[in-house]
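Colleague: Residue numbers (my numbering): 40 to 163.
The beta-carbon is built from N, C-alpha and C at its ideal position, and this holds for glycine as well.
Source: prediction; values computed, not measured.
This is the structure I have questions about; it appears just below.
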């Protein structure tokens, strides 16, 4: 049975003549798993972000900015606080170049060509 969802591990109790006692316990702070998520807002759009790997309590990791707002690429920093994910930094998120963005005029061999994206491209 769950005693505290912010911890994980096992508690072994014993009963001797009607008296309950603790045998062993191996409890620790619950990690944040790759299927856990945090809800965040990135430039006016809300979405969810998941860590790329398991994070132990107190650890910082990363998720994809595009999971929160598809118009952005890069990584968002996330923090595992007692089994709960929190978004801690979105400053590495940059707007991607999207299909439908303005085209660009490119001179090639003395002629000018108007080019537009056929698929979105993340920032570099």
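#1: Whole-angstrom Cβ separation of residue 134 and residue 116, contact assumed at under 8 Å?
#2: Is the region 63 to 72 close to the region 89 to 100, with three or more CB pairs under 8 Å?
#3: Jot down the residue ranges of each uninterrupted beta strand (DSSP E) in the region 84 to 147, minimum 3 residues, whole runs only, in chain order.
#4: Just the C-alpha distance for residue 114 and residue 91, rounded to the nearest angstrom, thanks.
#5: Does the Cβ of residue 122 have 16 or more other Cβ atoms within 10 Å, making it buried, or fewer, making it exposed?
#6: Smallest Cα separation from residue 137: which of 108, 152, 156, 72?
#7: Return the CA-CA distance between residue 76 and residue 152, expressed in angstroms with no decimal places.
#8: Identify whether residue 54 lies in helix, strand or coil by the three-state DSSP scheme.
#9: Could you give the first and the last residue of the continuous beta strand (DSSP E) run that contains residue 76?
#10: Just grab the DSSP bridge partners of residue 67 for me.
#11: Pull up the distance between the alpha-carbon of residue 132 and that of residue 112, whole angstroms please.
#12: Under the three-state reduction of DSSP, which class applies to residue 152: helix, strand or coil?
#13: Buried or exposed, going by whether 16 or more other CB atoms sit within 10 Å of the CB of residue 54?
Modeller: On the basis of the coordinates in this document:
#1: With 8 Å as the limit, residue 134 and residue 116 do not qualify as a contact, their Cβ atoms being about 18 Å apart.
#2: Put simply, the region 63 to 72 touches the region 89 to 100. At least three CB pairs are less than 8 Å apart.
#3: Counting only runs of 3 or more, we get 84 to 88, 99 to 103, 114 to 120, 123 to 128, 143 to 147.
#4: Approximately 10 Å between the Cα atoms of the pair.
#5: When all chains shown are included, residue 122 counts as buried.
#6: The closest CA to that of residue 137, considering only 108, 152, 156, 72, is found on 156.
#7: So the two alpha carbons sit approximately 44 Å from each other.
#8: Strand.
#9: Element bounds for residue 76: n/a, residue is neither H nor E.
#10: BP columns for residue 67 point to 47.
#11: CA-to-CA, the gap between residue 132 and residue 112 works out to about 6 Å.
#12: When secondary structure is reduced to three states using DSSP, residue 152 falls in the strand class.
#13: The residue is exposed, with fewer than 16 neighbouring Cβ atoms inside 10 Å.
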